[in-house]
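J.:
Residue numbers (the working numbering): 47 to 264.
(1) So, with DSSP's three-state summary, where would you put residue 83?
(2) Please state the DSSP three-state secondary structure of residue 168.
(3) Give me the Cβ distance between residue 160 and residue 208, rounded to the nearest whole Å; I'm assuming they're in contact under 8 Å.
(4) Out of curiosity, what's the CA-to-CA distance linking residue 191 and residue 253?
(5) Based on the DSSP output, what are the partners of residue 212 in its beta bridges?
(6) Using 8 Å for Cβ pairs, my map puts residue 206 next to residue 157. What's the rounded Cβ distance?
(7) Output the distance between the C-alpha atoms of residue 219 and residue 79, rounded to the nearest integer angstrom.
(8) What is the rounded straight-line gap between the Cα of residue 164 and the Cα of residue 170?
(9) Mind reading off the beta-carbon distance from residue 77 to residue 55? Whole number of angstroms is fine, and I expect it under 8 Å.
As structure tokens, this is what we get:
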């Protein structure tokens, strides 16, 4: 299986690269700056370009069987009111092109990384976090994740939308808690390493097709 990974040079995407290679899959990565990522295998091909540009995306999706998308609306820092580095509709704009090209190229499987707190799961968050979504620049990502999710759900693809809890850089092994409708109640965090493993495992997990699990770790 050859996988197209979007967001490979990001803080989560770097771990997804490792897990895809460890799983023995071939990998296409589309990144803005080739210098921000290094090849880990002769099965890995790096394409330099913009995910929102159809011609760049079409080159990267060639010969792929599946897609993992870990892109996000990014800010200049983790400060909640930091200025955006990407347009506020970056995710939904890219997703429209991804869905169109996936259907055109007969790529059926897609796993999308969203966030716990998007859409109806916002009600499951602590009040202080809901306030941040409503009153800081964090909210741009959550609102665009919701638009992205709608585009993917309405596609003809075999999709899985993963909604992780808050992401940490802790590298120890965690047990994944998979929640639906707040049952069981998610923990507040999951580390990026274990999220990456879950995203890659989801590619071949038939029970997750057309599902939107919230995932956290303990």
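Note that beta-carbon positions come from the ideal geometry of N, C-alpha and C, so glycine has one too.
T.: This is what the structure gives:
(1) coil
(2) helix
(3) The Cβ separation is near 7 Å, so the contact holds.
(4) 23 Å
(5) For residue 212, which the question treats as bridged, DSSP gives the partners 235.
(6) 5 Å
(7) 31 Å
(8) Using only the alpha carbons, I get a separation of about 10 Å.
(9) 5 Å
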